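First comes the structure, then the notes that go with it.
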Amino acid sequence: HLSIRRQRQMCIRDSLNIVYSSSLAIAILALSRVETYRGGIQQLLFGDILAVSHADLAIIWGGAALVIALISWRWSPLLITTLNEELAHASGLNPNREKLILTLSLGITVAVAIKVVGVLLIAAMLIIPTAAARNLARTPEAMAVMGAVIGIISAVAGLKAAYVFDTPAGPSIVCVASTFFAIFTTIGSVWRKQS
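The numbering of the sequence shown is my numbering, which starts it at 244 and goes up by one.
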């Protein structure tokens with residue numbers, strides 16, 4: 244009973260974050276169509292993926308490798324700690340250490356992503372792909388892999404959409420990810436009703 248209640252609270256929180264991020268991205272896309280708009284605020288808040296240099300790419304790949312290594316090394320303890328701290332204590336784990344590792348991983352991710360997606364859309368790219376994957380995944384591992392794949396596809400498709408429609412890249416990527424979330428949520432709800 245408590246687990247179902249917690250899942251509903253998480254779904255509501257994720258839905259609010261997704262609506263916020265998606266609305267912000269759509270507003271910036273609409274604003275970019277106004278001829279007098281300069282785009283300076285957009286580059287600060289939403290990043291500029293098209294301005295990423297070779298040095299930035301090296302930093303991004305280095306940060307990604309470090310985060311993947313940290314998560315792979317501590318996957319089970321991190322999973323247990325995030326699901327239930329009492330269970331982590333009972334298993335002999337130190338929840339504070341696991342929280343520190345998770346916070347460090349999140350900090351590295353945010354630090355390398357600011358230039359690419361900007362300050363406001365980092366939360367969107369952290370939440371939306373995994374929230375979309377949660378609708379179809381049966382295990383946490385599957386959700387992590389599906390979330391990563393959705394994020395990659397969203398980035399590539401968003402960049403293509405930005406090129407074709409002459410819109411800002413960051414918000415375009417978030418709009419594609421939001422579309423995946425809407426589709427996967429619909430499929431997941433139909434799937435749950437049938438089973």
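Glycine included, every Cβ here is placed at the ideal spot set by N, Cα and C.
Keep in mind the model is a prediction, meaning the values are calculated, not measured.
In chain order, what residues of the same chain have a beta carbon less than 6 Å from the beta carbon of residue i, not counting five sequence neighbours either side?
i	result
residue 352	310
residue 446	Past the edges of the chain, shown from 244 to 438, lies residue 446, and the structure says nothing about it.
residue 303	355
Near residue i, what residues of its chain come up, given a Cβ to Cβ distance below 7 Å and the 5 sequence neighbours on each side ignored?
i	result
residue 358	290, 295, 299
Once DSSP output is grouped into helix, strand and coil, what is the label at residue i?
i	result
residue 265	helix
residue 380	coil
residue 390	helix
residue 335	coil
residue 299	helix
residue 280	In this prediction, residue 280 scores a pLDDT of 49, lower than 50, which makes its location untrustworthy; the coordinate-derived value is nonetheless stated afterwards. Of the three classes helix, strand and coil, the one that applies to residue 280 here is coil, per DSSP.
Could you give the residue range of the alpha helix (DSSP H) that holds residue i?
i	result
residue 377	338-377
residue 320	318-326
residue 414	412-437
With a Cβ-Cβ cutoff of 9 Å, do residue i and residue j count as a contact?
i	j	result
residue 360	residue 396	no
residue 348	residue 322	no
residue 394	residue 372	yes
residue 390	residue 375	yes
residue 261	residue 421	yes
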